[in-house]
Amino acid sequence: MLIKYFYILLSFITTAILTIGLHELGHALAARFFAIKIQSISLGFGKALFTYQDKKKRIWIIARWPIGGYVKLLNTRIEKVSKAKWPYAFDKRPCGQRIIVLLAGSCANIIFAWLFFIIYFLLGHYYHPPIIDEVRPKSPAEAAGFSASAQILAINKQAITSWEDANIALFKSVNKHFIDIKIKSPTGAIREEKLILNLHNMPKKPSSIWDCLGIKPNIKIKHLYPKQTLISSIKLSFAALLNISNLLFTLVLQIILGNLPISLLIGPFTFFTLNAYAFMQGVSVYSYFIGLFSLSLGIINLLPIPGLDGASIMYTCIEKIRIKPIPIAYEVLFYRLTTIAFWVFVVKLLTNDINFFI
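Written as structure tokens, this is what we have:
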């Protein structure tokens, strides 16, 4: 039992370092390249659990709440700085340099996501063929004549070979009212049906997005995807990077528009469970999980939401246009409002976790 908890803790620390840690390292390396003074680098928020000061008087911090991190740079807008140190202050640098520093964190996440995907394809992996396990009574799938053991061949004319492919194709269709699904029945008959897609037609405890169609995926059956060459892995990783990035942008947009129920999103406890599971499944599965999380972190941080890098980039661009920065009081106000909205969102995600585990 103790070994199990040790692995869970180890998986959590490893994931935090390989995603949040590398994100902050990207910011720090870019700041160092432009000779901007780095005051501290923190993995997590809140009370410091561990601190270390290096020879250049940079403070390295591991904080209590590892839900993010930050790199604190010398900034004359938030503290008194002697004029002799102005050349090393972040806010005194050209807008272009500041934008590069702000982009560097997400760029690090995206680059390392690509590298983790390469490892995933190099090692080979198991995948779940898109075979239906159950069809819920009085559902769109039952109305279309779908049955257990049928296999999905294509969604909206896109060939499907795994449930992973099917999930991506379905998520890309969340803004549509109908979805075309080609299936092969247990008897071998192939046909294509148009199903009504209503993501708000979910049971109280949805297990996946397929619940809106009344389909339960069969994840007990696994096939082996063979190891790939380095060249092939690089190509497949680029394709995965583009497909998943497109999917993430689609998901964020549909959540904002209200087309995707928040009840489908996982909360922190479900994430920790999936993280530990992926870690214990081996290097291949864990590499894919880290790549997916790192890419998500990089893209989400580019959103123009106060508190994220995207908002700081937006502020910098506005400053370039109006020749003067946005008043710090407005930035603080936007940040506080976003913080309130963030914790409301977290409470909703925790509710999703409770519904999932109970």
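Numbering (numbering that gives the first Met the number 0), first residue to last: 0 to 357. Backbone N, C-alpha and C define an ideal beta-carbon position, used for all residues, glycine too.
As assigned by DSSP and simplified to three states, the class of aspartate 53: coil
Cβ-Cβ distance between leucine 73 and alanine 88 below 8 Å: At a Cβ-Cβ threshold of 8 Å, leucine 73 and alanine 88 count as neighbours.
Check whether isoleucine 130 and isoleucine 220 have beta carbons under 8 Å apart: For isoleucine 130 and isoleucine 220, yes; Cβs fall inside 8 Å.
First through last residue of the beta strand (DSSP E) which encompasses histidine 222: 222-224
According to DSSP, residues forming a beta bridge with glycine 68: Leu42
For proline 136, the first and last residue of its enclosing beta strand (DSSP E): Element bounds for proline 136: n/a, residue is neither H nor E.
Per DSSP, the bridge partner or partners of alanine 150: Sequence inspection shows glutamine at residue 150; the alanine mentioned does not correspond to that position. DSSP output for glutamine 150 lists Ile130, Lys183 as bridge partner(s).
Environment of alanine 277 [buried if 16+ CB atoms lie within 10 Å]: Buried: at least 16 other Cβ atoms inside 10 Å.
Same chain, Cβ closer than 7 Å to alanine 29, neighbours up to 5 away in sequence not counted: Ile99, Val100, Ala103
Alpha-carbon spacing of arginine 31 relative to asparagine 217, whole angstroms: 50 Å
First and last residue of the uninterrupted alpha helix (DSSP H) at lysine 91: Segment: none, lysine 91 is in no alpha helix (DSSP H) and carries neither H nor E.
Classification of asparagine 174 by the beta-carbon crowding that lies within 10 angstroms, buried from 16 upward: exposed
Close beta carbons around lysine 41, own chain, < 7 Å, minus the five adjacent residues each side: Per the sequence shown, the amino acid found at residue 41 is serine instead of lysine. For serine 41, where only same-chain residues beyond five positions count, the Cβ hits under 7 Å are Ile60, Ala62, Gly68, Tyr69.
Rounded separation between phenylalanine 237 and tryptophan 113 - CA only: 7 Å
Residue span of the beta strand (DSSP E) that contains leucine 194, given as start and end: 189-195
Any 3 or more C-beta pairs closer than 8 Å across the stretch 118-134 and the stretch 284-291: yes
Whole-number beta carbon distance between asparagine 166 and isoleucine 208, since they are thought to touch under 8 Å: 7 Å
Euclidean distance between Cα positions of leucine 301 and alanine 15: 19 Å
C-alpha gap between serine 184 and serine 231, whole angstroms: 33 Å
Isoleucine 243 - containing alpha helix (DSSP H), residue span: 229-256
Opening and closing residue of the alpha helix (DSSP H) in which proline 86 lies: Where proline 86 is concerned, there is no enclosing alpha helix (DSSP H), given that its DSSP letter is neither H nor E.
Beta-carbon proximity list for asparagine 242, same chain, < 8 Å, skipping 5 on both sides: Ile167
Residues near leucine 247 in its chain [Cβ-Cβ closer than 8 Å; skip 5 each side]: Leu294, Ser295, Ile298, Ile299
Start and end residues, alpha helix (DSSP H) containing proline 267: 267-279
Supposed contact pair methionine 279 and tyrosine 6 - C-beta distance, whole angstroms, cut 8 Å: With a Cβ gap of about 6 Å, tyrosine 6 and methionine 279 count as contacting.
Where lysine 347 sits in the DSSP three-state scheme: helix
Beta-carbon proximity of glutamate 192 to alanine 143, cut-off 8 Å: Yes.
Distance CB(phenylalanine 44)-CB(tryptophan 64) smaller than 8 Å: yes
Enclosing beta strand (DSSP E) for lysine 215 [first to last residue]: 214-216
Close-in-space but distant-in-sequence residues of the same chain around glutamine 227 (CB under 7 Å, 5 per side omitted): Phe120, Leu121, Leu235
Assigned secondary structure, phenylalanine 333 (DSSP; H/G/I helix, E/B strand, else coil): helix
Residue interval of the alpha helix (DSSP H) (run including leucine 291): DSSP places leucine 291 in the uninterrupted alpha helix (DSSP H) bounded by 282-299.
Buried or exposed by the 16-neighbour rule on C-beta atoms within 10 Å, applied to histidine 222: exposed
Nearest candidate by alpha-carbon position, reference valine 361, set Thr160, Tyr314, Leu212: The requested residue 361 does not occur in the structure, where the chain is confined to residues 0 to 357.
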